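Residue numbers (the working numbering): 31 to 116.
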Amino acid sequence: MAYSPDSPGRSSRRPRRTPIWPLLAMGLSWIIGVLWIVVFYVNPALPGLAELGNWNLLVGFAFILLGMFFALVQAVVAIVVARRRP
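This is the structure:
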């Protein structure tokens, strides 16, 4: 018996995949946030960081929270894209 794409039990649709961009944005945001805080603690006299003072901690944590937002986006997208089993 030859294979037919319309045969029962076979789906002619390709399986849906979760997009990768939220994962990349999440990881990049976390890395930037942690590096921002580390650089501020190592050398707070850098020209760009000196003007902000302790507000650099807020900037670093804002990037980390942005990464958490992208993690939430990834979770929602994964749930929506997931195939429902009969």
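The C-beta atom is built at its ideal place from N, Cα and C for all residues, glycine as well.
Treat the numbers as computed from the prediction; the structure is a model and nothing was measured.
Exercise. How big is the Cα-Cα spacing for Pro-77 and Arg-47?
Worked result: Here residue 77 corresponds to residue number 47 of the sequence shown, with the count starting at 1. Here residue 47 corresponds to residue number 17 of the sequence shown, with the count starting at 1. The alpha-carbon atoms of Pro-77 and Arg-47 are separated by roughly 44 Å.
Exercise. Closest by CA to Asn-86, which one among Val-72, Phe-99, Met-98, Val-103?
Worked result: Taking the first residue of the sequence shown as 1, we reach residue 86 at position 56. The candidate whose alpha carbon is nearest that of Asn-86 is Val-72.
Exercise. Which whole-angstrom value is the C-beta distance of Ile-62 and Phe-93, which I expect to be below 8 Å?
Worked result: For this step, residue 62 is matched to residue 32 along the sequence shown. For this step, residue 93 is matched to residue 63 along the sequence shown. Approximately 5 Å separates the beta-carbon atoms of Ile-62 and Phe-93; this is inside 8 Å, confirming the contact.
Problem set entry | Span of the alpha helix (DSSP H), counted from its first residue to its last, around Asn-86 | As a first step, residue 86 is located in the sequence shown; it is residue number 56 there, counting from the start. For Asn-86, the enclosing alpha helix (DSSP H) covers residues 85-111.
Exercise. Taking the continuous alpha helix (DSSP H) assigned at Leu-54, which residues delimit it?
Worked result: Walking along the sequence shown from the start, residue 54 turns up at place 24. Where Leu-54 is concerned, the enclosing alpha helix (DSSP H) stretches over 51-72.
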